Amino acid sequence: MPEDLNWDDVRSLARRTSEGQPFTLTDETRAILRRAAPQVAIPPGEAERALQQVPSAVALLDEVASRIRVGSRRLSRAIVDSANRQDAGDMDGARQPFLDVLAVEVVPHYRAIAQTHLDALDDP
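Take 1 as the starting number for the sequence shown in this note's numbering and just add one per residue.
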C-alpha cells in the first residue's frame, strides 16, 4: 500500500465506534475522514457535507470503512480464485476474477491492484 494510504486509523476509529464508544467530531477525526474519503472514491465535497454533523460523519466513517473492508476481501478472493484457476491450467478463467473485481470495485487502489494482476496474466 502506498505510504499515503494508511487506513489503520480509519479501521481503528470504525472498530471503536462499532464497539459502542462514542464518536466525537474532532479535528483529528475530520482529518482522518477528509484524507480517506477520496481514497475510497467519495468526492471531497460529499465528505465535507458529511463532516458538518455527527450522524452524517458516522455514516461517512461507516461507508469509508466498508469500502476498505469489502474491497479488500473482494480482491483477496479474486487473487486466490485466480491462482486456483491458474494451478488447474485454466488461464482464461484465471482472468475472470479480476474482471469481476473491476466491474464493481470503486476504490482506486484496489482497482489498480486488480488491473496489475490482470495485466500480468496477459503477459506471455
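Glycine included, every Cβ here is placed at the ideal spot set by N, Cα and C.
Remember, it's a predicted structure, so these values are computed and weren't measured experimentally.
When the beta-carbon positions are compared, Ala41 and Ala50 stay at least 8 Å from each other. As the crow flies, the alpha-carbon of Leu60 is around 22 Å from that of Leu75. Counting along the chain, the unbroken alpha helix (DSSP H) around Gln96 starts and ends at Met91 to Val104. The region 99-115 makes contact with the region 30-49: 3 or more CB pairs, one atom from each, lie closer than 8 Å. Ala83 and Leu33 have their C-alpha atoms roughly 35 Å apart. In the DSSP assignment, Thr17 falls within the unbroken alpha helix (DSSP H) covering Asp8 to Ser18. 8 Å or more divides the Cβ of Val64 from the Cβ of Leu25.
By alpha-carbon distance to Asp92, the top candidate from Ala14, Asp119 and Gly71 is Asp119.
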